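Chemist: Attaching a single structure in structure tokens format; questions to follow.
Numbering (my numbering), first residue to last: 125 to 1021.
Below you can see the structure in the form of structure tokens.
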């Protein structure tokens, strides 16, 4: 099988991915080997690949492929998430384009459309991951709404309900008016907003005007021709229609005059009481708080405490409801603009100020959320926080980087009950059934099936029939299925003692973003301990956010997010994978620059050309040259040293560092030094012993590179030796011993040899001597590297290496450590040009030295500068003086010729 002259990723990638699939090389079944398990963070079923997916899945694939090459039974489970809010929104939009409203359909009809959409668009992202080279066991592909996962979710809900952890009640929730569903606290993103603070006039009720009196010197009282009034500052004037009271702090001397009075809600003209509560912040605004129990969580608490009326002024879609009495049917944001004008026109606006505050937005639809009183289902979280905190803090589960432990701890120590209901049709419907008991009162049963629910209901009311049962219409939060993912993909909920869950669980590594540490990571830990009594994964690797090279988050609106598939077509999957990983330290944001993919492509070409070079050599039975023998021993030791270094980097999840380590090994050590050390003269063969060793090194290098660059390494691995059908580099275990002390000493010695060679090359460059011209090398005093003369002669293109007592006048010297060397240049240089060059350098150094001396003679500088700064300047002075002395001596020698 001939190797193409140029690397073509398109041909190579499609060929080998199909080969891997055809030979079931990603497949995993329980056996006697150590398992290595990873579950993919399931992307949205209708999603497409973006740069964040590229990063996350590249890292997962690196870890999985490396585990295979360590001889482990690697199992990477792929799958997708049904994404209730996002998917339902897309289905509703498509129906709208066809002139169909969701409300015109039955639930069953809508779900048919949703499943059609899912079948049409679902799975695209998983196909795209194949282009990246992801080695998932595709036969295991799971979906959070497939039969196994759905039964798991329903079973867990019933179990937690029966344990008393799930309850239904009226609570203040985060309401998304666009998706028209409740959200959990974690689904609310707070953004800095430039808002307005509206100061509104709440006049004292007409019948109370005569009761107004100053009660303290510090009273702040307002009065105009209409009478006395209090001023309330709010960012949401549209909510005044829901006001039930005004609240003051009883200790606030500014407002004691309002105690016992009633005030009038502006425009609405509703008379409301002034209540007193220490909750009110005396320092904020005027100290007068409008209380709207239906639309603020703290106001709701005040309402319950003081027995206030609750007036819900918003419809589910964010328009104003009939209960408001004003602006009915108008959008809340339009009303905010209009009501401020109306308040101004009615003389009820004291003033308006610019105001910066944080506003909660829906994480899914990016619209401002509304606090709303609603009947929802909740999961009590304290029990789960208690079982999930210590495993992370005690490093039973290890976070990389460690800084996220504090983020995790803070959330669990301030846990709130999880609102798990969503007012959607696409998702897992609650297995809760409502009916009337024997006395005609509302009753509820929870069961996995309708048949079981009917039996439970008949225990309460024997006359109940299936037709009497009304199933809850809400669906569960999507995360309520995702939190079971490491268990449910192995059917560990429905069949808790099956072979696969016992073998593959707990999983090994989780790779995810820190933005879902609460949504998903923490909850999976909770579910793992609740249902398996053990952590769901041992290590969590948090990726950073992929940003552009200017540090901006990638987004469609900015136009700075490249299409990953187009990048793969341009640079090849291996080039893109390398480009991503070159700038991807754990937990830190990635400043993605397309030139990194170009660098990755160039490295592919370097590997390809290096292999073609080696493959093109003819061999001979000749004796192995001493330089080649030394080179083979050195690179064997170097490979062992670097492999040990990479092992340590992988242990601490410094994956980008591991890539750079093997990159330098191949590019710098193997290509730039080793191949040059052993390369035969042009047109001549290489000895078989060195050639076989070189192929062995290439084989090992490909295996070290394979997790990062799977396609090119498979192609070249197949060419090194004759391989059997179905063989693959990914199943070729990498076994490299640790370096011995002698080998480490050899590595150190060769570093000195390389420095000597570099010293000679520097002289060539400085003196403009062509590389083909053979030079002599003088060692001053004693040659401590005589054993490596053969390598130095070859690499530096020398005639001889001689030991001399002192440097000759026509020689250029250099130091390697404490050893002195010189290269006699004699007539090889243009003396006039060299004198001119050195005099120019001398003039520059003398000017530089004068500047340093001037600085050090300045008493103010010496008295005030830090000691370290002064020490640096003195070091510059001594270094400059030393260089000047050397240059003057060299010039004197040159001029004497």
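Glycine residues also receive a C-beta, built at the ideal position from the N, C-alpha and C atoms.
From a predicted model like this one, the values you see are computed outputs, not experimental measurements.
1. By how many angstroms is the C-alpha of residue 835 removed from the C-alpha of residue 546?
2. What do you get for residue 413, buried or exposed, if any count of 16 or more other CB atoms within 10 angstroms of its CB means buried?
3. Just reading off the beta strand (DSSP E) that residue 477 is part of, what are its end residues?
4. Give the DSSP-derived three-state secondary structure of residue 547 in the structure shown.
5. Just to confirm the assignment, what range does the beta strand (DSSP E) spanning residue 939 have?
6. Could you give the DSSP three-state label for residue 528: helix, strand or coil?
7. Pull up the distance between the alpha-carbon of residue 480 and that of residue 628, whole angstroms please.
8. Which full runs of the alpha helix (DSSP H) of 4+ residues lie inside the segment 376-446, going along the chain?
9. Please report how far the alpha carbon of residue 399 lies from the alpha carbon of residue 387, in whole angstroms.
10. Would you kindly work out how many angstroms separate the C-alpha atoms of residue 394 and residue 212, rounded to a whole number?
11. Just to confirm, are residue 209 and residue 548 a CB contact at a threshold of 8 Å?
12. Mind checking which residues open and close the beta strand (DSSP E) that includes residue 293?
13. With respect to the alpha helix (DSSP H) encompassing residue 80, which residues constitute its N-terminal and C-terminal limits?
14. How about residue 178: is its Cβ closer than 7 Å to a heavy atom in the ligand FAD?
15. Give the DSSP bridge partners of residue 1036, in chain order.
16. Would you kindly work out how many angstroms separate the C-alpha atoms of residue 190 and residue 135, rounded to a whole number?
17. Look at residue 204 and residue 267 and say whether their C-beta atoms are less than 8 Å apart.
18. What is the residue span of the beta strand (DSSP E) that residue 636 lies within?
19. Would you kindly report the start and end of the unbroken beta strand (DSSP E) that includes residue 661?
20. Can you round the beta-carbon distance between residue 202 and residue 265 to whole angstroms, since I take them to be within the 8 Å contact cut?
21. Starting from the C-beta of residue 841, find all residues in its chain whose C-beta is less than 6 Å away, skip the five residues before and the five after it, and write them out in chain order.
22. Tell me the DSSP secondary structure of residue 347 in three-state form.
23. Given 8 Å as the limit, is there contact between the segment 785-805 and the segment 844-861, that is, 3 or more CB pairs closer than that?
24. Find the nearest neighbour of residue 753 within the set 196, 156 and 816, judged by alpha-carbon distance.
25. Taking a contact to mean a Cβ-Cβ separation below 8 Å, would you say residue 751 touches residue 878 in this structure?
26. From the DSSP output, read off the bridge partner residues of residue 203.
27. Closest by CA to residue 435, which one among 396, 765 and 684?
28. Among 989, 561 and 958, which has the Cα closest to the Cα of residue 1015?
29. Would you mind giving the Cβ-Cβ distance between residue 176 and residue 637, rounded to the nearest angstrom? I have them listed as a contact below 8 Å.
30. For residue 999, count neighbouring Cβ atoms within 10 angstroms of its own Cβ and tell me buried if that reaches 16, exposed if not.
31. Quick check: the Cα distance between residue 930 and residue 1013, rounded to an integer number of angstroms?
32. Going by other Cβ atoms of all chains shown within 10 Å of its Cβ, with 16 needed for buried, is residue 432 buried or exposed?
33. On the DSSP bridge assignment, give the partners of residue 542 in chain order.
34. For residue 272, which three-state DSSP category applies?
35. Can the beta-carbon of residue 623 be found closer than 8 Å to that of residue 159?
36. From residue 761 to residue 771, what does the alpha carbon distance come to, in whole angstroms?
Modeler: Concretely, from the data shown:
1. Translated into the one-based positions of the chain shown, residue 546 becomes position 422. Translated into the one-based positions of the chain shown, residue 835 becomes position 711. Taking the straight line joining both Cα atoms gives about 44 Å.
2. Residue numbering aside, residue 413 sits at position 289 when the chain shown is read from its first letter. By the Cβ-count criterion, residue 413 is buried, with 16 or more other Cβ atoms from all chains shown falling within 10 Å of its own Cβ.
3. The residue labelled residue 477 in the question sits at position 353 within the chain shown. Residues 473-486.
4. The residue you call residue 547 lines up with position 423 of the chain shown. Residue 547 falls in the coil class under three-state DSSP.
5. Your numbering for residue 939 matches position 815 in the chain shown. In the DSSP assignment, residue 939 falls within the unbroken beta strand (DSSP E) covering 935-940.
6. Taking the first residue of the chain shown as 1, we reach residue 528 at position 404. Looking at residue 528 - three-state DSSP - the assignment turns out to be helix.
7. Mapped onto the chain shown, residue 480 falls at position 356. Mapped onto the chain shown, residue 628 falls at position 504. Computed Cα separation, rounded: 51 Å.
8. 421-430
9. For the purposes of this step, residue 399 is taken as the residue at position 275 of the chain shown. For the purposes of this step, residue 387 is taken as the residue at position 263 of the chain shown. Residue 399 and residue 387: Cα-Cα distance of roughly 11 Å.
10. Walking along the chain shown from the start, residue 394 turns up at place 270. Walking along the chain shown from the start, residue 212 turns up at place 88. Residue 394 and residue 212: Cα-Cα distance of roughly 40 Å.
11. Along the chain shown, one-based indexing puts residue 209 at 85. Along the chain shown, one-based indexing puts residue 548 at 424. In contact: residue 209 and residue 548 (Cβ atoms closer than 8 Å).
12. Walking along the chain shown from the start, residue 293 turns up at place 169. Taken as a continuous stretch (DSSP letters only), the beta strand (DSSP E) holding residue 293 covers 290-300.
13. Shown here, the chain extends from 125 to 1021; a query on residue 80 therefore has no answer.
14. With respect to the ligand FAD, the structure offers nothing, as it holds no ligand at all.
15. Since the displayed the chain opens at 125 and closes at 1021, residue 1036 lies outside it and no answer follows.
16. Translated into the one-based positions of the chain shown, residue 190 becomes position 66. Translated into the one-based positions of the chain shown, residue 135 becomes position 11. Roughly 24 Å separates the two Cα atoms.
17. On the chain shown, residue 204 is found 80 positions in, with the first residue counted as 1. On the chain shown, residue 267 is found 143 positions in, with the first residue counted as 1. It is a contact, given that the beta carbons lie within the stated cut-off.
18. In the chain shown, the residue the question calls residue 636 occupies position 512. That run of the beta strand (DSSP E) goes 631-636.
19. In the chain shown, residue 661 corresponds to position 537, counting from 1. Residue 661 -> beta strand (DSSP E) spans 661-666.
20. Here residue 202 corresponds to residue number 78 of the chain shown, with the count starting at 1. Here residue 265 corresponds to residue number 141 of the chain shown, with the count starting at 1. Indeed, because the Cβ distance is near 5 Å, the residues count as touching under 8 Å.
21. Translated into the one-based positions of the chain shown, residue 841 becomes position 717. Contacts found: 826 and 853.
22. Along the chain shown, one-based indexing puts residue 347 at 223. In this structure, residue 347 counts as strand in the three-state DSSP scheme.
23. no
24. Along the chain shown, one-based indexing puts residue 753 at 629. Per the Cα distances, 816.
25. Start at 1 with the first residue of the chain shown, and residue 751 comes out as number 627. Start at 1 with the first residue of the chain shown, and residue 878 comes out as number 754. Contact flag unset, no.
26. Taking the first residue of the chain shown as position 1, residue 203 is located at position 79. Paired residues: 266.
27. The residue labelled residue 435 in the question sits at position 311 within the chain shown. With distances taken between Cα atoms, residue 435 lies closest to 396.
28. Position 891 of the chain shown, counted from the first residue, corresponds to residue 1015. When only C-alpha atoms are compared, the closest one is 958.
29. Numbered from 1 along the chain shown, position 52 holds the residue referred to as residue 176. Numbered from 1 along the chain shown, position 513 holds the residue referred to as residue 637. Contact holds; Cβ gap of about 7 Å.
30. Translated into the one-based positions of the chain shown, residue 999 becomes position 875. Exposed, by the Cβ-count rule.
31. One-based indexing of the chain shown puts residue 930 at position 806. One-based indexing of the chain shown puts residue 1013 at position 889. One Cα belongs to residue 930, the other to residue 1013, and the distance between them is close to 15 Å.
32. Taking the chain shown and counting its residues from 1, one reaches residue 432 at position 308. Buried, since its Cβ has 16 or more Cβ neighbours within 10 Å.
33. Position 418 of the chain shown holds residue 542. According to DSSP, residue 542 bridges with 503.
34. The residue labelled residue 272 in the question sits at position 148 within the chain shown. Looking at residue 272 - three-state DSSP - the assignment turns out to be helix.
35. The residue labelled residue 623 in the question sits at position 499 within the chain shown. The residue labelled residue 159 in the question sits at position 35 within the chain shown. The answer is no: Cβ separation not under 8 Å.
36. Counted from its first residue, the chain shown places residue 761 at position 637. Counted from its first residue, the chain shown places residue 771 at position 647. C-alpha separation (whole angstroms): 16 Å.
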